[in-house]
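**Student:** Here it is, the structure in full.
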Amino acid sequence: IFSSLESSSPTPCSPLSGVGVYGSDRKTNKAKSDYRITASFLEVYGDDILDLLQEGRRSLPLREDTNGCVSVVGLKNVVVHSAFDALKVLHTGTLNRTTAATLMNETSSRSHAVFTINLECGINNRNPNVDDGVDMTMSSRFTFVDLAGSERMKRTGAEGERAREGIKINEGLLALGNVINALADEERVSKGEKVYVPYRQSKLTRLLQDALGGNSQTLFMACVSPSDTNASETLSSLKYANRARNIKNAPTQNVDATALELQRLQALTSVLQCEVVRQRFDKDQVLDGSERVLDNLEDQQEQSSIGNVNADVEALFSRPEVQEYLNNLYKKAQEKQRDL
5 IFSSLESSSP
15 TPCSPLSGVG
25 VYGSDRKTNK
35 AKSDYRITAS
45 FLEVYGDDIL
55 DLLQEGRRSL
65 PLREDTNGCV
75 SVVGLKNVVV
85 HSAFDALKVL
95 HTGTLNRTTA
105 ATLMNETSSR
115 SHAVFTINLE
125 CGINNRNPNV
135 DDGVDMTMSS
145 RFTFVDLAGS
155 ERMKRTGAEG
165 ERAREGIKIN
175 EGLLALGNVI
185 NALADEERVS
195 KGEKVYVPYR
205 QSKLTRLLQD
215 ALGGNSQTLF
225 MACVSPSDTN
235 ASETLSSLKY
245 ANRARNIKNA
255 PTQNVDATAL
265 ELQRLQALTS
275 VLQCEVVRQR
285 FDKDQVLDGS
295 ERVLDNLEDQ
305 QEQSSIGNVN
315 ADVEALFSRP
325 EVQEYLNNLY
335 KKAQEKQRDL
């Protein structure tokens with residue numbers, strides 16, 4: 005992520021990001037970009053969500069906004085500027101995770117952990133023929149989840165509090181498995197049937213709702229043992245991961261739809277301005293510019309960015325008589341608006 009931000013190459017930072025990170029001074033796009041990256045780290049311990057970056061171990065509530073996005077109220081987000089800063093946050097949170105000794109592991113994880121990196125890219129597209137540019141924000145989220153392994157009481161020798169923790173771990177994994185099964189039900193999806201996904205069975209599945217079945221790509225890594233004594237656990241883990249492999253999503257860029265529509269309308273305004281000036285001043289020159297803007301408007305469906313008109317058209321629009329003509333049009337439009 006960070007190496008891509010420092011580079012001026014137009015290559016996206018990662019196929020998992022859902023938003024491409026580009027240089028801010030490309031020939032075809034003079035948009036100014038501001039980036040902000042934050043990191044958070046939490047654990048799901050039993051029925052509680054705990055912030056691993058804060059000293060207080062109080063349970064944090066989950067909230068869902070009008071768009072269906074789930075967030076943790078009171079979760080600390082740390083601004084990071086480099087890979088070293090992100091790893092430092094990860095290390096700090098790991099030291100605060102809940103662990104305990106069992107017969108199978110001296111430092112067994114007693115919770116599911118979720119490490120999240122949020123990337124926000126603010127873009128301002130300036131068109132020389134429009135007074136103001138359109139501010140757009142593209143967002144992307146990397147969610148790294150460390151699932152605690154399922155436990156068999158006979159193998160772990162867990163008793164009392166350890167046993168209750170193991171039960172909660174297995175409940176979370178079972179709920180996650182049900183969600184994966186619903187998302188990977190190819191037979192029902194192929195028939196066009198609406199599949200109910202039980203995200204609300206546990207707090208873990210609600211937290212991972214966007215990362216599993218939302219606007220995302222999912223990568224599942226299974227940790228297995230080469231020992232023959234753990235053959236049954238290894239087989240179970242591989243089957244679990246194989247089900248997740250069948251999840252199929254179609255991620256798109258996370259862009260504010262209102263800002264995107266406003267940007268499209270401003271591009272259309274630019275085209276109409278070119279047509280008006282063409283009729284009154286320089287037909288051949290501005291016609292070429294308006295066609296270029298129309299081409300950029302069509303490309304916007306894939307790039308969410310609008311290129312500026314060529315240098316010849318910019319020079320024409322800077323002529324005093326053209327500016328005076330456009331100002332008169334703006335004044336008439338404002339008077340008409342007041343009359344309405």
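Numbering of the sequence shown is given in the numbering used here, commencing with residue 5 and proceeding in unit increments.
Ideal placement from N, C-alpha and C gives every residue a C-beta, glycine not left out.
So, for V371: in the same chain, excluding its five sequence neighbours on each side, which residues have a beta-carbon less than 8 Å away from its beta-carbon?
**Tutor:** Residue 371 lies beyond the stretch modelled for the chain, which goes from 5 to 344, so this question has no answer here.
**Student:** Would you tell me roughly how many angstroms separate the C-alpha atoms of A254 and L216, rounded to the nearest one?
**Tutor:** Numbered from 1 along the sequence shown, position 250 holds the residue referred to as residue 254. Numbered from 1 along the sequence shown, position 212 holds the residue referred to as residue 216. The straight-line gap from Cα to Cα measures roughly 11 Å.
**Student:** Can you check whether the CB of G97 is closer than 9 Å to the CB of F45?
**Tutor:** Residue mapping note: residue 45 aligns to position 41 of the sequence shown, counting from 1. Residue mapping note: residue 97 aligns to position 93 of the sequence shown, counting from 1. Contact flag set, yes.
**Student:** Between which two residues does the beta strand (DSSP E) containing R1 stretch?
**Tutor:** Only positions 5 to 344 of the chain appear in the structure, and residue 1 is not among them; the question remains open.
**Student:** Tell me the rounded alpha-carbon separation between E363 and A162.
**Tutor:** Residue 363 lies beyond the stretch modelled for the chain, which goes from 5 to 344, so this question has no answer here.
**Student:** CB-CB under 6 Å to A188, same chain, minus the five flanking residues each way: which ones, in chain order?
**Tutor:** As a working mapping, residue 188 is identified with position 184 in the sequence shown. Once the five neighbours on either side are set aside, the close Cβ partners of A188 are R247, N250, I251.
**Student:** Under three-state DSSP, which class holds M140?
**Tutor:** On the sequence shown, residue 140 is found 136 positions in, with the first residue counted as 1. Looking at M140 - three-state DSSP - the assignment turns out to be strand.
**Student:** From Q277 to M142, what distance separates their C-alpha atoms?
**Tutor:** Here residue 277 is taken as the residue at index 273 of the sequence shown, counted from 1. Here residue 142 is taken as the residue at index 138 of the sequence shown, counted from 1. If I take the Cα positions, the gap works out to 29 Å.
**Student:** Can you name the start and end residues of the beta strand (DSSP E) that S75 belongs to?
**Tutor:** By 1-based counting over the sequence shown, the position of residue 75 is 71. Looking at the DSSP string, the run of the beta strand (DSSP E) that includes S75 is 74 to 76.
**Student:** Do T42 and V82 have their C-beta atoms closer together than 9 Å?
**Tutor:** The sequence position of residue 42 within the sequence shown is 38, counting from 1. The sequence position of residue 82 within the sequence shown is 78, counting from 1. Yes, the Cβ-Cβ distance between T42 and V82 is below 9 Å.
**Student:** Can you pull the DSSP bridge partners for L66?
**Tutor:** For the purposes of this step, residue 66 is taken as the residue at position 62 of the sequence shown. Bridge partners of L66: V76.
**Student:** Have a look at S220 and T233 and give me their C-alpha separation to the nearest angstrom.
**Tutor:** Along the sequence shown, one-based indexing puts residue 220 at 216. Along the sequence shown, one-based indexing puts residue 233 at 229. Using only the alpha carbons, I get a separation of about 37 Å.
**Student:** Please classify Q283 as buried or exposed, where buried requires at least 16 neighbouring CB atoms within 10 angstroms.
**Tutor:** Against the sequence shown, residue 283 aligns to sequence position 279. So Q283 ends up on the exposed side.
**Student:** Start and end of the alpha helix (DSSP H) containing D214?
**Tutor:** Within the sequence shown, the letter at position 210 stands for residue 214. Where D214 is concerned, the enclosing alpha helix (DSSP H) stretches over 213 to 216.
**Student:** Taking the DSSP output, what are the residues bridged to S113?
**Tutor:** Along the sequence shown, one-based indexing puts residue 113 at 109. Its beta-bridge partners are T103.
**Student:** DSSP three-state call for D38: helix, strand or coil?
**Tutor:** As a position in the sequence shown, residue 38 is number 34, starting the count at 1. Of the three classes helix, strand and coil, the one that applies to D38 here is strand, per DSSP.
**Student:** Excluding the 5 residues flanking L208 on each side, which residues of the same chain have their C-beta closer than 7 Å to its C-beta?
**Tutor:** As a working note, residue 208 is residue 204 in the sequence shown. So the list reads V48, H116, G176, A179, L180, once near-sequence residues are dropped.
**Student:** G50 to R101, Cα distance in whole Å?
**Tutor:** If you number the sequence shown from 1, residue 50 lands on position 46. If you number the sequence shown from 1, residue 101 lands on position 97. Computed Cα separation, rounded: 13 Å.
**Student:** On the CB-based measure, 16 or more other CB atoms within 10 Å of its CB, does D69 come out buried or exposed?
**Tutor:** For the purposes of this step, residue 69 is taken as the residue at position 65 of the sequence shown. Answer is exposed; the Cβ neighbour count stays below 16.
**Student:** Would you mind sorting D38 into buried or exposed? The rule is 16 or more other CB atoms within 10 Å of its CB.
**Tutor:** Along the sequence shown, read from residue 1 onward, the residue named residue 38 stands at position 34. Flag for D38 reads exposed.
**Student:** Going by other Cβ atoms of all chains shown within 10 Å of its Cβ, with 16 needed for buried, is N258 buried or exposed?
**Tutor:** In the sequence shown, residue 258 corresponds to position 254, counting from 1. Classification for N258: buried.
**Student:** Can you look up N71 in the DSSP assignment and give me helix, strand or coil?
**Tutor:** The sequence position of residue 71 within the sequence shown is 67, counting from 1. Three-state result, N71: coil.
**Student:** State the start and end residues of the unbroken beta strand (DSSP E) segment that holds L187.
**Tutor:** Numbered from 1 along the sequence shown, position 183 holds the residue referred to as residue 187. No beta strand (DSSP E) contains L187, which is instead part of the alpha helix (DSSP H) from 165 to 187.
**Student:** Would DSSP call S154 helix, strand or coil?
**Tutor:** For this step, residue 154 is matched to residue 150 along the sequence shown. Correct three-state label for S154: coil.
**Student:** Which residue wins for smallest C-alpha separation from R210, given the options R268, S112, G72, K80?
**Tutor:** Taking the first residue of the sequence shown as position 1, residue 210 is located at position 206. Closest option to R210, Cα to Cα, is G72.
**Student:** Considering L223, what are the terminal residues of the alpha helix (DSSP H) in which it resides?
**Tutor:** The count along the sequence shown starts at 1 and reaches residue 223 at position 219. Segment: none, L223 is in no alpha helix (DSSP H) and carries neither H nor E.
**Student:** Please tell me whether L212 and V118 are closer than 9 Å, where the distance is taken between their beta carbons.
**Tutor:** Position 208 of the sequence shown, counting from 1, holds the residue named residue 212. Position 114 of the sequence shown, counting from 1, holds the residue named residue 118. Yes, the pair counts as a contact, with Cβ atoms nearer than the cut-off.
**Student:** Tell me the DSSP bridge mates of E47?
**Tutor:** To locate residue 47, count along the sequence shown from 1; it is residue 43. According to DSSP, which records beta bridges pairwise, E47 is partnered with L54, A117.
**Student:** Pull the bridge partners of T147 from the DSSP assignment, please.
**Tutor:** Residue 147 sits at position 143 when you count from the first residue of the sequence shown. Looking at the DSSP assignment, T147 forms a beta bridge with T120.
**Student:** Give me the Cβ distance between T160 and T106, rounded to the nearest whole Å; I'm assuming they're in contact under 8 Å.
**Tutor:** Along the sequence shown, one-based indexing puts residue 160 at 156. Along the sequence shown, one-based indexing puts residue 106 at 102. With a Cβ gap of about 4 Å, T160 and T106 count as contacting.
**Student:** For V281, which residues of its own chain have a beta-carbon under 8 Å away from its beta-carbon, when the five flanking residues on both sides are left out?
**Tutor:** Position 277 of the sequence shown, counted from the first residue, corresponds to residue 281. Only V290, L320, F321, V326, Y329, L330 meet the Cβ criterion.
**Student:** Are the CB atoms of G153 and S4 within a distance shorter than 9 Å?
**Tutor:** The chain is shown only over 5 to 344; residue 4 falls outside these bounds and no answer can be derived.
**Student:** Helix, strand or coil: how does DSSP classify T250 here?
**Tutor:** Looking up residue 250 in the sequence shown gives position 246. The residue you asked about is not Thr; residue 250 is Asn in the sequence shown. Coil.
**Student:** Based on Cα-Cα distance, which residue from H85, I53, S241 lies nearest to E155?
**Tutor:** By one-based count along the sequence shown, residue 155 stands at place 151. Checking every option, the nearest Cα to that of E155 belongs to S241.
**Student:** Could you compute how far the alpha carbon of K158 sits from the alpha carbon of T256?
**Tutor:** As a first step, residue 158 must be located in the sequence shown, where it is residue number 154. As a first step, residue 256 must be located in the sequence shown, where it is residue number 252. K158 and T256: Cα-Cα distance of roughly 46 Å.
**Student:** If I measure Cβ to Cβ from L333 and keep anything under 8 Å in the same chain, skipping five residues before and after, which residues do I get?
**Tutor:** For the purposes of this step, residue 333 is identified with residue 329 of the sequence shown, where counting begins at 1. Excluding residues within five positions, the ones whose Cβ falls inside 8 Å are V280.
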